[in-house]
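Here's the structure we're looking at; comments come further down.
Protein chains: 2
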Amino acid sequence: MKELTTKEIDDVMKQSQEAFLLYRQVQGTAKALFLNSIAEEIESLGSDLIHQAMEETNLPEARLAGERGRTCNQLRQFAALVKDGSWVEARIDTAIPDRAPLPKPDLRKMMVPLGPVVVFGASNFPFAYSTAGVDTASALAAGCPVVLKAHPAHPKTSELVASAIEKATTKTGMPKNVFQHVHTPSFEGGKALVQSSFTKAVGFTGSFSGGKALYDYATQRPDPIPVFAEMGSINPVFILPGALKVRGEKVADMYAASITQSVGQFCTNPGLMLGLKSPELSQFTMQLSQKMEKIAPGTMLHPGIAANYKKNREKALAQKGVSLSAQSTDAAKENQAITTLTTVDASDFLVNPTLVEEVFGPYSLLVRAGNIDELKASLDKIPGQLTATIIGEEEDLIEYADFIRLVMQKVGRVIINGVPTGVEVCPSMHHGGPFPATTDSRFTSVGTDAIKRFVRPLSFQNFPDTLLPAELQQSNPLGIWRLFNNELGKK
Amino acid sequence: MKELTTKEIDDVMKQSQEAFLLYRQVQGTAKALFLNSIAEEIESLGSDLIHQAMEETNLPEARLAGERGRTCNQLRQFAALVKDGSWVEARIDTAIPDRAPLPKPDLRKMMVPLGPVVVFGASNFPFAYSTAGVDTASALAAGCPVVLKAHPAHPKTSELVASAIEKATTKTGMPKNVFQHVHTPSFEGGKALVQSSFTKAVGFTGSFSGGKALYDYATQRPDPIPVFAEMGSINPVFILPGALKVRGEKVADMYAASITQSVGQFCTNPGLMLGLKSPELSQFTMQLSQKMEKIAPGTMLHPGIAANYKKNREKALAQKGVSLSAQSTDAAKENQAITTLTTVDASDFLVNPTLVEEVFGPYSLLVRAGNIDELKASLDKIPGQLTATIIGEEEDLIEYADFIRLVMQKVGRVIINGVPTGVEVCPSMHHGGPFPATTDSRFTSVGTDAIKRFVRPLSFQNFPDTLLPAELQQSNPLGIWRLFNNELGKK
Numbered sequence: 093m094k095e096l097t098t099k100e101i102d103d104v105m106k107q108s109q110e111a112f113l114l115y116r117q118v119q120g121t122a123k124a125l126f127l128n129s130i131a132e133e134i135e136s137l138g139s140d141l142i143h144q145a146m147e148e149t150n151l152p153e154a155r156l157a158g159e160r161g162r163t164c165n166q167l168r169q170f171a172a173l174v175k176d177g178s179w180v181e182a183r184i185d186t187a188i189p190d191r192a193p194l195p196k197p198d199l200r201k202m203m204v205p206l207g208p209v210v211v212f213g214a215s216n217f218p219f220a221y222s223t224a225g226v227d228t229a230s231a232l233a234a235g236c237p238v239v240l241k242a243h244p245a246h247p248k249t250s251e252l253v254a255s256a257i258e259k260a261t262t263k264t265g266m267p268k269n270v271f272q273h274v275h276t277p278s279f280e281g282g283k284a285l286v287q288s289s290f291t292k293a294v295g296f297t298g299s300f301s302g303g304k305a306l307y308d309y310a311t312q313r314p315d316p317i318p319v320f321a322e323m324g325s326i327n328p329v330f331i332l333p334g335a336l337k338v339r340g341e342k343v344a345d346m347y348a349a350s351i352t353q354s355v356g357q358f359c360t361n362p363g364l365m366l367g368l369k370s371p372e373l374s375q376f377t378m379q380l381s382q383k384m385e386k387i388a389p390g391t392m393l394h395p396g397i398a399a400n401y402k403k404n405r406e407k408a409l410a411q412k413g414v415s416l417s418a419q420s421t422d423a424a425k426e427n428q429a430i431t432t433l434t435t436v437d438a439s440d441f442l443v444n445p446t447l448v449e450e451v452f453g454p455y456s457l458l459v460r461a462g463n464i465d466e467l468k469a470s471l472d473k474i475p476g477q478l479t480a481t482i483i484g485e486e487e488d489l490i491e492y493a494d495f496i497r498l499v500m501q502k503v504g505r506v507i508i509n510g511v512p513t514g515v516e517v518c519p520s521m522h523h524g525g526p527f528p529a530t531t532d533s534r535f536t537s538v539g540t541d542a543i544k545r546f547v548r549p550l551s552f553q554n555f556p557d558t559l560l561p562a563e564l565q566q567s568n569p570l571g572i573w574r575l576f577n578n579e580l581g582k583k
Numbered sequence: 093m094k095e096l097t098t099k100e101i102d103d104v105m106k107q108s109q110e111a112f113l114l115y116r117q118v119q120g121t122a123k124a125l126f127l128n129s130i131a132e133e134i135e136s137l138g139s140d141l142i143h144q145a146m147e148e149t150n151l152p153e154a155r156l157a158g159e160r161g162r163t164c165n166q167l168r169q170f171a172a173l174v175k176d177g178s179w180v181e182a183r184i185d186t187a188i189p190d191r192a193p194l195p196k197p198d199l200r201k202m203m204v205p206l207g208p209v210v211v212f213g214a215s216n217f218p219f220a221y222s223t224a225g226v227d228t229a230s231a232l233a234a235g236c237p238v239v240l241k242a243h244p245a246h247p248k249t250s251e252l253v254a255s256a257i258e259k260a261t262t263k264t265g266m267p268k269n270v271f272q273h274v275h276t277p278s279f280e281g282g283k284a285l286v287q288s289s290f291t292k293a294v295g296f297t298g299s300f301s302g303g304k305a306l307y308d309y310a311t312q313r314p315d316p317i318p319v320f321a322e323m324g325s326i327n328p329v330f331i332l333p334g335a336l337k338v339r340g341e342k343v344a345d346m347y348a349a350s351i352t353q354s355v356g357q358f359c360t361n362p363g364l365m366l367g368l369k370s371p372e373l374s375q376f377t378m379q380l381s382q383k384m385e386k387i388a389p390g391t392m393l394h395p396g397i398a399a400n401y402k403k404n405r406e407k408a409l410a411q412k413g414v415s416l417s418a419q420s421t422d423a424a425k426e427n428q429a430i431t432t433l434t435t436v437d438a439s440d441f442l443v444n445p446t447l448v449e450e451v452f453g454p455y456s457l458l459v460r461a462g463n464i465d466e467l468k469a470s471l472d473k474i475p476g477q478l479t480a481t482i483i484g485e486e487e488d489l490i491e492y493a494d495f496i497r498l499v500m501q502k503v504g505r506v507i508i509n510g511v512p513t514g515v516e517v518c519p520s521m522h523h524g525g526p527f528p529a530t531t532d533s534r535f536t537s538v539g540t541d542a543i544k545r546f547v548r549p550l551s552f553q554n555f556p557d558t559l560l561p562a563e564l565q566q567s568n569p570l571g572i573w574r575l576f577n578n579e580l581g582k583k
């Protein structure tokens, strides 16, 4: 693909700003038609899209079909959200002209879009976190035009999805350039997109080094802008003693599957497990090892990811005290990843920061703590995460309640007796954790609240009713939920 | 005051983290008692507090009494908010165990506190934006302990207010060190507070250079944290032709008062006015000048601010094309500020970035635009602002509707036919504008939504009901508003 010059990138962003002046005036019902139309056009691409993605990502057909479904579902959830309209957090405080000592003005507030948003597609989700993924869907729902930087690992898939968005743009009469698709595979191209004065926010899913670089560019601009970068996670799983006693084998089954799902290429992959030393933990390690050995190596998304897996796995295995507990019995072919389980004692884990680095792929490290103090100390060494999981019987959960509260400080989602993989798309999902899991733990990149990343509040003081946006007009013509003189209702 | 060492500062922050582990468990009703008790204890200080503040700030008694009232009102508004409890944005999606192809888990989400917050007191509001001001009140309401850096311009006033908070802490049984008061007048002290690994967010009101420095320290930490810095604003006022024709003199009255209120020491002071060249604009300038000349110089908050005003005013007057249109007839005594109105043609304004710099004090610059294009070009030169004001008759507002929409992109609040000074404390107030007015336009530092600065969402997946916070338990024991399976209600 031809690399764009910095001048061309700034022109693209300028066109995005011009589109913004029109698009921010578009009503919620019209934005809903647009988002639904994108979903329909993606579905209309049929098997061509799936086959193109299979060719570029090595992901199997069923997984890609499922991901396409999720992507269209997301678009439709945002369509429903903006059609309903209540998401703007309208607040109204009416005037009290005769208040002493000073009259109270009429004040009304709602969320308005930030402006042009740059989205970097992710390699591991060619649909759900890429071209028409949640970043694009939520930015368009918010009223922000999108400039999408295609992921160089699946440029043709990205082109196909972009063509669907362009069709929907025309069909529903949206402003020209409300969505633009660019190929700038180089690092410099991404930098220029973030540094353009027209860019008002950035969405990214990928590596720590990539996300942190974009964050630094954005915060060091003359006018800093927000970057929502999801940068990976090792998603610690704490396996408590009671559970190991009664259902160790079941837990091993569940985790052999979770660690290796999609060749371990999920940001919520459980890359770290921790338990208290006991005969039951030894037995669990053996059971999990036996199950993981049977899981054949899988082909990774692209050669770069496969090479990184190989390198990071070898680095982890070379650390002091780390033992290989299990690996796929079958040999790995080119670009395939060997399913791997390693173990280490907490005493070694505590002094080696390398062991909390992500090994992106079908890999997990099991830490054996000598006692609860070592378990707590191990938790202290784990940086911010997307998720943490607690496996425990009812009495475990009571006994370790204080510990679970400490875990909550580190993460964006806590799962009890489940697996972290499988991120449900719904309003109560929070997909975002303390740094370095993401650059901003206060915002989610999954679920309808993702729209909040691309808006800011604007207050309207003493406006004539006719000049107010419909959301704030006295008669509530859209029938949305509003906080009206401090009472929530549809008044 | 004795300067703290970096080690002592880190100890203070460590104590704050220890307090956090207890304080984050405190229920909303108990936090409400605490906040109400702080208000009561401040009121109990009576005239001692007012007299101490008068001595340290040169502000008059009535203004300080009013500001104390506002401060206690703010504390009580946050108390009511956390007592009600609905602010946590609870979302609940119940499980669908038999969903195909995969079961849906039970997911629940609410806002939780970030952790220890560092607050820098402001010089221009010794109560409302200082020791027990909105930053402290909203952080404590959120469940975050506060470390307050006393403003060196009013350390004794700050000590008195801190003693009230400490009394309230004891009386209501809050954790030790939930509030700590430190004097670290040096730049290095502030830096160490922001850089401590225990600090999770920062609130600041003051100069651009101060706020931007804190922002840079925070974003360049190994784990970046949010900084909410309000850094000043020139709050442009656009005076449209129709209004000048029918009520120029009334507008001049209103603005002579607004520009000079509290010796111009408000962050919403109207430091810039813009209009279209016409006989009416000339007459308005003359009328405003006559009124401003009569306003005697006032004593500023402290000698540093008075010296800065003198320097910045002289710098502005030395710029090409800038004329002195009015200044106080009375001479200025030591530390007093001369009321000043300057004028400039848009052609000079457009090419001189110095003219959008804030002159903090009783000063305003009036820009004469030759036509609407010059007015639009002038708007383009104005960076992000807290507020903008439009003075216009109904036909002005219709004729300039597109222009008003452009104005909205630049600011956090738009006022029609009023003045920007006088920031109402209510849910629909947004006090925060695009950079450089604040470091984060997405959050307010006035009104109950200020609590959102110090929280993040946390998802609970498949939790037993008894382990959930009360806000998310199935029976809704607190009776709060929740989004339950996508329906807002008190279910």
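If you read the sequences in order, they're chains F and V.
For the first sequence, position 52 matches number 144 in our numbering, and the numbering has no gaps at all.
For the second sequence, position 204 matches number 296 in our numbering, and the numbering has no gaps at all.
Where is the CB? At the ideal position from N, CA and C, for every residue including glycine.
Keep in mind the model is a prediction, meaning the values are calculated, not measured.
Inset, instruction - Decide if the segment 546-565 of chain F is in contact with the segment 501-521 of chain V; the criterion is three or more beta carbon pairs, one per stretch, under 8 Å apart. - result: Yes, the segment 546-565 of chain F is in contact with the segment 501-521 of chain V.
Inset, instruction - Provide the residue span of the alpha helix (DSSP H) that contains R548(F), from first to last. - result: By one-based count along the first sequence, residue 548(F) stands at place 456. Per DSSP, R548(F) belongs to no alpha helix (DSSP H); it is in the beta strand (DSSP E), V547 to Q553.
Legend entry - Span separating the alpha-carbon of C236(F) from that of L199(F): For the purposes of this step, residue 236(F) is taken as the residue at position 144 of the first sequence. For the purposes of this step, residue 199(F) is taken as the residue at position 107 of the first sequence. C236(F) and L199(F) have their alpha carbons spaced roughly 25 Å apart.
Inset, instruction - Under 8 Å by Cβ, that's how I've got K175(F) and T121(F) pegged, so tell me the actual separation to the nearest angstrom. - result: Within the first sequence, the letter at position 83 stands for residue 175(F). Within the first sequence, the letter at position 29 stands for residue 121(F). 6 Å between Cβ atoms; contact.
Inset, instruction - Check whether the Cβ of W179(F) lies closer than 8 Å to any Cβ atom in chain V. - result: Locating residue 179(F) in the first sequence gives position 87, counting from the first residue. Not an interface residue.
Inset, instruction - Compare the C-alpha of Q119(V) against each of G298(V), G265(V) and P333(V) and name the closest. - result: Here residue 119(V) refers to the residue found at position 27 of the second sequence. If we check each option's Cα against that of Q119(V), G265(V) comes out closest.
Legend entry - Close-in-space but distant-in-sequence residues of the same chain around Q107(V) (CB under 6 Å, 5 per side omitted): Position 15 of the second sequence, counted from the start, is the residue given in the question as residue 107(V). Correct list, in chain order: N269.
Inset, instruction - Note the first and the last residue of the continuous alpha helix (DSSP H) segment covering Q169(V). - result: If you number the second sequence from 1, residue 169(V) lands on position 77. E153 to D176 is the extent of the alpha helix (DSSP H) around Q169(V).
Legend entry - L194(F), buried or exposed, once every other Cβ within 10 Å from all chains shown has been counted against 16: Locating residue 194(F) in the first sequence gives position 102, counting from the first residue. Classification of L194(F): exposed, given that the 10 Å Cβ count is below 16.
Legend entry - For S325(V) and G525(V), believed in contact at Cβ under 8 Å, the rounded distance: One-based indexing of the second sequence puts residue 525(V) at position 433. One-based indexing of the second sequence puts residue 325(V) at position 233. The Cβ separation is near 7 Å, so the contact holds.
Inset, instruction - Excluding the 5 residues preceding and the 5 following T434(F) in the sequence, name in chain order all residues of the same chain whose CB lies nearer than 8 Å to its CB. - result: Locating residue 434(F) in the first sequence gives position 342, counting from the first residue. Cβ neighbours of T434(F) beyond the five flanking positions: A408, L409, V414, S415, L416, S417, Y455, S456, L457 and L458.
Legend entry - Under 8 Å between C-beta atoms of T531(V) and F320(V): Position 439 of the second sequence, counting from 1, holds the residue named residue 531(V). Position 228 of the second sequence, counting from 1, holds the residue named residue 320(V). Yes; because the gap between Cβ atoms is below 8 Å, this pair is in contact.
Inset, instruction - Would you verify that the beta carbon of C236(V) is, or is not, closer than 8 Å to some beta carbon of chain F? - result: On the second sequence, residue 236(V) is found 144 positions in, with the first residue counted as 1. Not an interface residue.
Legend entry - Proximal chain V residues relative to N554(F), where beta-carbon distance stays under 7 Å: Position 462 of the first sequence, counted from the first residue, corresponds to residue 554(F). Here the neighbours are I507, I508, N509 and G510.
Inset, instruction - Using a Cβ-Cβ cut-off of 8 Å, state whether T163(V) counts as contacting chain C. - result: The chain labelled as chain C is not found among the protein chains of the depicted structure, namely F and V.
Inset, instruction - Spatial neighbours of L114(F) within its chain, please: CB distance less than 7 Å, with the 5 preceding and 5 following residues excluded, ordered by chain position. - result: Residue mapping note: residue 114(F) aligns to position 22 of the first sequence, counting from 1. These residues qualify, in order along the chain: P267.
Inset, instruction - Check whether the Cβ atoms of A480(V) and R460(V) sit closer than 8 Å, and answer yes or no. - result: Within the second sequence, numbered from 1, the residue matching residue 480(V) stands at position 388. Within the second sequence, numbered from 1, the residue matching residue 460(V) stands at position 368. No Cβ-Cβ contact shorter than 8 Å links A480(V) with R460(V).
Inset, instruction - Locate the alpha helix (DSSP H) running through T479(V), then write down its first and last residues. - result: Within the second sequence, numbered from 1, the residue matching residue 479(V) stands at position 387. First-last for T479(V): Q477 to I483, but that is the beta strand (DSSP E), not the alpha helix (DSSP H).
Legend entry - Separation of I184(F) from Q565(F), as counted between CA atoms: For the purposes of this step, residue 565(F) is taken as residue 473 along the first sequence, with counting starting at 1. For the purposes of this step, residue 184(F) is taken as residue 92 along the first sequence, with counting starting at 1. Going by the C-alpha atoms only, they are around 9 Å apart.
Legend entry - Identified DSSP bridge partners for P205(V): In the second sequence, the residue the question calls residue 205(V) occupies position 113. DSSP, once it has assigned bridges, lists V547(V) as partnering P205(V).
Inset, instruction - Could you tell me which of L285(F), E280(F) and S278(F) sits nearest to Q272(F), measuring between CA atoms? - result: Working through the first sequence from its first residue, we reach residue 272(F) at position 180. Just measuring C-alpha positions, the residue of L285(F), E280(F) and S278(F) sitting nearest Q272(F) is L285(F).
Legend entry - C-beta neighbour in chain F for G504(V), strict 8 Å: In the second sequence, counting from the first residue as 1, residue 504(V) sits at position 412. Cβ-Cβ to chain F under 8 Å: yes for G504(V).
Legend entry - Contact under 8 Å by Cβ, N427(F) with M392(F): Numbered from its first residue, the first sequence carries residue 427(F) at position 335. Numbered from its first residue, the first sequence carries residue 392(F) at position 300. Yes.
Inset, instruction - Sort K412(F), T163(F) and K383(F) by Cα distance to F441(F) and report the nearest one. - result: Translated into positions along the first sequence, residue 441(F) becomes position 349. Looking at the Cα atoms, K412(F) is the closest of the given residues.
Legend entry - Pairwise C-alpha distance: K337(V) and E486(V): Within the second sequence, the letter at position 394 stands for residue 486(V). Within the second sequence, the letter at position 245 stands for residue 337(V). It is roughly 13 Å from the alpha-carbon of E486(V) to the alpha-carbon of K337(V).
Inset, instruction - Please go through the same chain and pick out, in chain order, the residues whose beta-carbon is closer than 7 Å to the beta-carbon of I130(V), but skip the five residues on each side of it. - result: Looking up residue 130(V) in the second sequence gives position 38. Taken in chain order, the residues that qualify are L167, A224, A256, I257 and A260.
Legend entry - Euclidean distance between Cα positions of A423(V) and P247(V): In the second sequence, residue 423(V) corresponds to position 331, counting from 1. In the second sequence, residue 247(V) corresponds to position 155, counting from 1. Using only the alpha carbons, I get a separation of about 31 Å.
Inset, instruction - Could you work out which residues of chain F lie near S520(V), taking near to mean beta carbons separated by less than 7 Å? - result: By one-based count along the second sequence, residue 520(V) stands at place 428. Result: R183, I184, D185, L199, R200, K201 and S551.
Inset, instruction - Might you give, ordered along the chain, the residues of its own chain that have their beta carbon closer than 8 Å to the beta carbon of A349(F), omitting 5 neighbours on each side? - result: In the first sequence, the residue the question calls residue 349(F) occupies position 257. Around A349(F): V511.
Legend entry - Strand pairing of D437(F), partner residues [DSSP]: Indexing the first sequence from 1 puts residue 437(F) at position 345. According to DSSP, D437(F) bridges with R460(F).
Legend entry - Backbone secondary structure at Q428(V) - three-state DSSP: Within the second sequence, numbered from 1, the residue matching residue 428(V) stands at position 336. In this structure, Q428(V) counts as strand in the three-state DSSP scheme.
Inset, instruction - Taking all protein chains shown into account, decide if D227(F) is buried (16 or more other Cβ within 10 angstroms of its Cβ) or exposed. - result: Start at 1 with the first residue of the first sequence, and residue 227(F) comes out as number 135. D227(F) should be labelled buried.
Inset, instruction - Please name the residue or residues paired with L368(V) in a DSSP beta bridge. - result: Counting from one through the second sequence, the residue named residue 368(V) turns up at place 276. Answer is A461(V).
Inset, instruction - Report yes if the C-beta distance between I474(V) and V448(V) is below 8 Å; otherwise report no. - result: Residue mapping note: residue 474(V) aligns to position 382 of the second sequence, counting from 1. Residue mapping note: residue 448(V) aligns to position 356 of the second sequence, counting from 1. Result yes, Cβ atoms of I474(V) and V448(V) sit closer than 8 Å.
Inset, instruction - Note down, in chain order, all residues in the segment 442-465 of chain V with a beta-carbon under 9 Å from any beta-carbon belonging to chain F. - result: Listed by position, the residues of the segment 442-465 of chain V near chain F (Cβ gap below 9 Å) amount to none.
Legend entry - the segment 463-477 of chain F contacting the segment 496-511 of chain F, beta-carbon criterion three pairs below 8 Å: In short, these stretches touch, since the Cβ pair count reaches three.
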